[in-house]
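Asks: Let me give you the structure first, and then I'll get to my questions.
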Amino acid sequence: LEANYPVQVTDPHDAVTLHLSSMPSRYLSPSSEDRIRQPVEDVEECTCPSSTSPDCPKQLQLLNSPCEKCCCPAPPPKISDLMNDKDLLDVLRLKLDPNHCTIKNWKNFASRWGMSYDELTLLEHRTQGSLYHSPTQEFLLRYNQKTVTEL
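Read in order, the letters of the sequence shown correspond to residues 114 to 264 in this note's numbering.
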């Protein structure tokens, strides 16, 4: 190879993207059996980094990250992520805010997380009459690093 061509290290199972101009026309014909197809998601064909040999270069080990299906689930979302979703936040406010007729009261909810009665009352008075902040939002902002599953 000449020095001006980039070199790409690929594993035999890695997907390789080809430019259309570099492919012969027979690959693009619909009647061809060697047609390019979308990969089939199959759990048995899943390869995880545990199968990567230790003598493999560090860059390749990083590229061979675990697939989302079998090895590493995504970390649970945090409350701060929830605060960015206006629709979810509105649903929570409807369920927890004291100015809405609901079954679940936000004070009971917050007291389970260790907030004292005085803190709860202060939060309610501070946000009373505000169109932009509610006790639920203040409570969620205070605990925004906890996961949503802890809610």
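All C-beta atoms, glycine included, are put in the ideal place defined by N, C-alpha and C. Values in this document were obtained by computation on a predicted structure and should not be read as measured data.
1. Leaving out five residues on either side along the sequence, give the residues of the same chain with a beta carbon under 6 Å from the beta carbon of P188.
2. Would the beta-carbon of L205 fall within 9 Å of that of T262?
3. Verify whether the separation of the beta carbon atoms of F252 and L236 is less than 9 Å.
4. Could you give the DSSP three-state label for K199: helix, strand or coil?
5. How should P229 be labelled, buried or exposed, when 16 other C-beta atoms within 10 angstroms of its C-beta is the threshold for buried?
6. Hey, could you find the ends of the alpha helix (DSSP H) P248 is sitting in?
7. Quick check on the burial criterion: 16 or more other C-beta atoms within 10 angstroms. Buried or exposed for L233?
8. Identify which residue in T260, S247 and Y256 has its Cα closest to the Cα of G227.
9. Going straight from the alpha carbon of D203 to that of S247, what length do you get?
10. Looking only at DSSP bridge pairs, what is T260 linked to?
11. For the alpha helix (DSSP H) that contains R239, what are its first and last residues?
Replies: The short version:
1. none
2. no
3. yes
4. helix
5. One point to set straight first is that residue 229 is Ser, not Pro, in the sequence displayed. Flag for S229 reads exposed.
6. P248 to R255
7. buried
8. Y256
9. 10 Å
10. K191
11. Y230 to T240
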